[in-house]
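Below is one structure, written out as C-alpha cells; the observations come after it.
Number of protein chains: 2
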Amino acid sequence: MSRIFNEAYKAKVMSADDAAALIHNGDNIGFSGFTGAGYPKAVPGALATRIKAAHARGDEFRVGVYTGASTAPELDGALAETGGISFRAPYQSDPIMRNMINKGVSEYSDMHLSHSAIWMRQGFLGHLHVAVIEVTAIKADGTAVPSSSIGNNNVYLDTADKIILEVNEWQSLDLEGMHDVYYGTALPPDRLPIPLTKAADRIGQTTMKIDFDRVIAVVESNAEDRNTPFKPLDEDSRAIAGHLIDFLGGEVTAGRMPTNLLPLQSGVGNIANAVLAGLLESPFENLTSYTEVIQDGMVDLIDSGKVIAASATAFSLSPTAAERMNNHAADYRKSIILRPQEISNHPENIRRLGVVACNGMIEADMYGNVNSTHVMGSKMQNGIGGSGDFTRNAYISCFVTPSTAKHGNISCFVPMVSHHDHTEHDVQVLITERGLADLRGLSPKQRAKSIIENCVHPDYQAALSDYFERASKTANGLQTPHDLREALSWHVRFLETGSMKQ
Amino acid sequence: MSRIFNEAYKAKVMSADDAAALIHNGDNIGFSGFTGAGYPKAVPGALATRIKAAHARGDEFRVGVYTGASTAPELDGALAETGGISFRAPYQSDPIMRNMINKGVSEYSDMHLSHSAIWMRQGFLGHLHVAVIEVTAIKADGTAVPSSSIGNNNVYLDTADKIILEVNEWQSLDLEGMHDVYYGTALPPDRLPIPLTKAADRIGQTTMKIDFDRVIAVVESNAEDRNTPFKPLDEDSRAIAGHLIDFLGGEVTAGRMPTNLLPLQSGVGNIANAVLAGLLESPFENLTSYTEVIQDGMVDLIDSGKVIAASATAFSLSPTAAERMNNHAADYRKSIILRPQEISNHPENIRRLGVVACNGMIEADMYGNVNSTHVMGSKMQNGIGGSGDFTRNAYISCFVTPSTAKHGNISCFVPMVSHHDHTEHDVQVLITERGLADLRGLSPKQRAKSIIENCVHPDYQAALSDYFERASKTANGLQTPHDLREALSWHVRFLETGSMKQ
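These protein sequences, in sequence, are chains A and B. Residue 185 in my numbering is what sits at position 185 of the first sequence, and the numbering runs on without skipping anything. Start counting at 1 in the second sequence, then tack on 1000, and there's your number in my numbering.
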C-alpha cells in the first residue's frame, strides 16, 4: 500500500538510483536522521554506488553530509566508505565515518546540535543543494508525516535547493500525531519567544511543510531503523544511577526541587539508559522528560506510568522496543512528543523548563572540565551533540562515567582534560560508580578535593592528589594550580605505554 | 537634601560603622556593583575596619562576597586587603582581590554572570545573610531607584536575610526612569517566556521592590563611582575595529545581516571601546546595543545618533563621561535601559535578539578555543564574566586581541590554550591587528590554517605551522592534531624564560 496520498507527488516517484543520479559532485546534502532513527535508507546507498563508479572512472565525486545527528551504516557507513564525504556536520558515531575523519579524509565540524539548525538558517554553514528526508507518509494536502526522528528535517526542507523524499513503509502510520513541528522560528530581528512552558506542550503542527516545486524525487522504501540493543545493566551503571537518584532525592528534601523533580534529559547510551532504569525503581512519580532521544528506559518509564510526558527529537530504541513502539504508536503518541532539534535543544526552552541534565563523557579533570569528544586530545570519538545545549542551560547539569576505562588503564579523571567541551563553569555534578561530587558554587581547588575524594578510582587517587599538591607549590597562581609540564602527562603515558598508571 | 522620601525608612538611618556592626563573621554578603558602578561606598570600608579590628584581637572574621561583577578599591580592595574574604563570586578585577585569590587566601568561584543570578535563586550558592545595595533614592512608596548599575541587586534583595541600603547622593536623581527591573522570573516549573523582543523593550518597572521588614540599616553616602579613563586609541585597536567593521559590512552585503546590523554587545575594556569608536566613523546607522555595560564609546554613539537604543546592566565610564551622564541622565534615559544582569545576560534574550558579540580574551589556540581568564593556566586574571553568555548565544560571536602581549614575548595564539573558557564550538570569528579569521562551519584543521594565516603575528607563524605539521604526523587522530608532549610547551617556555620565543 503506497503511503503517498497526494496524486501530484505520485508522479515524482522513481527508483533510488534515479534519485541519486540527481545528486552531483560538490553538493551539500542535508539528510534526515538522528541517533539511527529516521534516516533515509535507499538513496544514500544508491549515491554511494554512484560515487564509487565515478571514482572508478577517475572522476572527482565528493559531497558534504549534514544530518540531525548520527545515522547508520546504510548512510554514514556507506557514504564514508567511498571516501566521498568531503565535509561532515554536526554529529556522527559510525565506525567507518569516524575512521575517515581521524584519517583526515573527511573534514568534520563538530557543533552544538542547537547551533546546527540556527547556523544553517543564518547562512553560516554553506549552501545546501539537496535535502534527502525520510517520511512516514505524504498526505493528501501535500504535507509529510515525519518518521522516527525529526532532527533538522524542517531546516533542510526549508533551506535546500532541491528535495528528495523517501517514504518508508516500515514506519508506523500511527506515528502521525506524535510530532510537533514548530514553524515560529524566524531570523532576527523578527525572532519571537517560543511559547513552550511545559515539556508536554504542543506548539506546532503534526506534519512538515513541503515545497512541492523543489521536490525532485520521491522514493519508496521499506526498511527498519538501526535499532541497537542496549547492554545489560552492569554493577557500575547501577551504582551511578543510584548515586544520581539519591542526589535528586536530597534536592527534593532540601526544597530545591519539586517532588516530581523537573524535566529529565539523559544522554544517549548504556549508562544513560541505566539511569532511566534506576528511576523505574525510584520513589519519584509523575515525572516528565525534555530530552533528545527516547530510549528503552524511557519507554519503560512511560509504560509504568512513572513518566507522564516525554519530549524528544528522535527514538533510539532496541529492536524489541522499536517493534513495541511501532505496534503501539497510537498509545505512545499521547505521552511522547517528537520535535525539531532546534526546539528540543533550544537554550531558551531548556533554561525555562529547568531541565535536569545527565550526560556521559570521555573524561573529566580534577577541576571539573569535561571532555566529551576526543580520545587523547586528537582523535574524534562521536561529537558534542546536544550535551552542551543541555549542560549550559540546565537547572542542574550532571556528568556520569565509570571511574576508569580500558580495564583500568585509563583514569577518567586526569590533571587536565586533553580536550575541553564543557568548561568548569558549566559542570555541576560528577558521578562515577565510586560516588558523586557536588561542585556547585565551589572554587577550582575545592572542586579538586571533592572530585578526588568522591569520584576517582583508588588506583589513581594518590597520583592525582600528588599532582594537585605539587602543582600548588609551583604554579604561578593558586586559582587553578597546574604544572603545565605534566598537566597532560597522563595522556602521553597512555599513548606511549598503554596505561596511565605510573 | 536627603534622598529618603519614605518616613519609615528614615528611622533606619545610621552610620556606616553602625551598619557594618550588624554584619558577622561567616556571613555571605551580596553587594551591589558592576564594573565599578553602583557599588556601596561606605559600608564595605566600615566592614573592613571591623574585620581588621577582629583580626587584631585574634578573632576569626571572614565573609563571603557576592556582587554583580567587578567593583572598586573601596569594596573589593578594602575587604580583600584584610584577608577576610573567604569566598568570592561571580567576577572581580581588583588588583588586591586578584592577588588574594592567586595566593590562595580567598576561594573564587568564577561563573557565567547569567548563572550567578539563577543559581542564587535556585539555592545553589549558599545562604545569603546580608544584601548591601547602593540606591539613588528611596521613594515615598518604599521602592528604591537603582543607581549606576543593577547587576544582581534585585536577586540579593529578594534572597538575603537582611538588607542594608546605601543611598548615594552623588548619583543623579534623573537616573529614575532609566532602569527596567523585571519581576517575571520564577523558579521552574513556573518559569515563563521573557517578553522581550527588541533591545529597547521595557518589560519591568523603574524601581526595585524592597522588603521593609528585612531592612536593618539605611546609610547615606556621597561618593562617585570608580570611573576610569580609557586609554587613547592605539594603532592595534584601530586596526582590530577596522577588520570587524569590514566583516560586518560583508555580512550585510551577503544578505546575512540587516543594514542596521543586529544588537551589538561589546566586552569591557579598551579594545571593546575602540570598536565602538570605530563604529562612530562607520556607515552603519540606527544601531542598537544589547550588552552588559555602557562605555564611553557607546555614549558617543548615542550622542551622534548612530545608536538609537542601548540596553545594559551598568555603566563603565570615564570620569568625564560619568559627569556628562549625571548631568544629562534625563536625556540619556530615553535611549539607555539598565536591566538586572539576569535579563541583560539571559541566553533566551541574547539568542532571540541575535546579538553580535565582541569580547576580548587572553589567548586563543590554533583550533579556536579561547582562554578569557587564566594567565599561564593557573593564575586568575578577572573572570569569564558575561562573555560566555553572549558568545554561546550570539548571532555571531567574535573575539578580539592584539596578536602578541608583553612586548612580543607572548603569542596570543598558541598550540593549545592553557585554560579553556570558550570552546571551539562557540568561537566563530577571531580578530587581531593582523586580520580576521572567519571560522564558521570549519573543521579544526581548516580553522588552524585560517588562524595562522590571518591572525597570528609573523614572529610566531612559522612555529605554529611547524607544530601543526608535526602534530599531524604523530597524532593518534587527525580531527584535532596535537602532540600532547608539547601542546603546552609555549607556556612552559614563557614561565621558564620570560618569552614564548624559541
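Glycine is no exception: its CB is placed at the ideal position from the N, C-alpha and C atoms.
In the assembly as shown, N286 of chain A is an exposed residue. Its beta-carbon has fewer than 16 other beta-carbons within 10 Å. Non-local C-beta neighbours of N454 of chain A in its own chain, meaning closer than 7 Å and more than five positions away in sequence, comprise R434, G435, L436 and A437, ordered along the chain. By the CB criterion at 9 Å, M120 of chain A and N152 of chain A fall inside the cutoff.
Interface with chain A (9 Å Cβ-Cβ cutoff): V1215 of chain B is excluded. Chain B places a beta carbon closer than 9 Å to that of Y395 of chain A, counting this residue as a contact. Here DSSP, grouped into helix, strand and coil, assigns N25 of chain A to coil. The beta strand (DSSP E) runs lying completely inside the segment 1255 to 1302 of chain B and spanning 3 residues or more are 1264 to 1266, 1287 to 1290 and 1293 to 1295, given in chain order. Our two residues, E1224 of chain B and N1025 of chain B, have alpha carbons roughly 29 Å apart in a direct line. Sorting B:Q1295, B:I1023 and B:L1353 by C-alpha distance to the C-alpha of A1274 of chain B places B:Q1295 at the top. Residue burial annotation: K1041 of chain B is buried, with at least 16 other C-beta atoms found within 10 angstroms of its C-beta. For the set A:V132, A:V427 and A:T432, the Cα lying nearest the Cα of L442 of chain A is the one of A:V427.
In this structure, DSSP gives K1162 of chain B an extended state, which the three-state scheme calls strand.
DSSP places Y1066 of chain B in the uninterrupted beta strand (DSSP E) bounded by V1063 to Y1066. Of all residues in the segment 1120 to 1145 of chain B, only Q1122, G1123, F1124, L1125 and G1126 place a beta-carbon less than 9 Å from a beta-carbon of chain A. In its chain, beyond the 5 residues on either side, I194, L196, Y290 and I343 have a beta carbon closer than 8 Å to the beta carbon of N349 of chain A. Secondary structure of P146 of chain A (DSSP, three-state): strand. A distance below 9 Å separates the beta carbons of V219 of chain A and L165 of chain A.
Annotation for H243 of chain A: I431, G435 and L436 place their beta carbon closer than 7 Å to its own, counting only its chain and skipping 5 residues before and after. Residue pairing by DSSP places M208 of chain A opposite A:A144 in a beta bridge. Counting every other CB atom within 10 Å of its CB across the protein chains shown gives E74 of chain A a total of 16 or more, marking it as buried. Taking 3 residues as the minimum length, the beta strand (DSSP E) runs contained wholly in the segment 1383 to 1461 of chain B are 1396 to 1400, 1429 to 1431 and 1436 to 1438, in order along the chain. Contact of G1498 of chain B with chain A by beta-carbon distance below 8 Å is absent, the smallest such distance being about 12 Å. The beta carbon of F247 of chain A lies closer than 6 Å to those of L436 in the same chain, with the five residues before and after it left out. The beta carbon of Y1108 of chain B falls within 9 Å of a beta carbon belonging to chain A, placing the residue at that interface. Against chain B, the CB of K103 of chain A has a partner CB under 9 Å away; the residue lies at that interface. For F1247 of chain B, the enclosing alpha helix (DSSP H) starts and ends at E1235 to T1253. Straight through space, the alpha carbons of K1501 of chain B and G126 of chain A are spaced by roughly 38 Å. Per the DSSP secondary-structure output, M380 of chain A pairs in a beta bridge with A:H374.
Apart from sequence neighbours up to five positions away, the residues of its chain that approach R226 of chain A with a beta-carbon distance below 6 Å are G36 and A72, ordered along the chain. Non-local beta-carbon contacts of G269 of chain A in its own chain, meaning distances under 7 Å to residues more than five positions away in sequence, involve G360 in chain order. Following the DSSP letters along the chain, one finds E1363 of chain B inside the beta strand (DSSP E) bounded by residues E1363 to D1365. Taking 9 Å as the cut-off, the Cβ atoms of M416 of chain A and A487 of chain A count as close. Residue pairing by DSSP places V1356 of chain B opposite B:L1264 and B:I1396 in a beta bridge. Under the 9 Å criterion on CB atoms, A310 of chain A is classed as non-interfacial with respect to chain B.
In terms of CA proximity to V375 of chain A, A:V414 leads the group A:Q205, A:S106, A:V414 and A:A69. F1124 of chain B carries a coil assignment under DSSP once its states are collapsed to helix, strand and coil.
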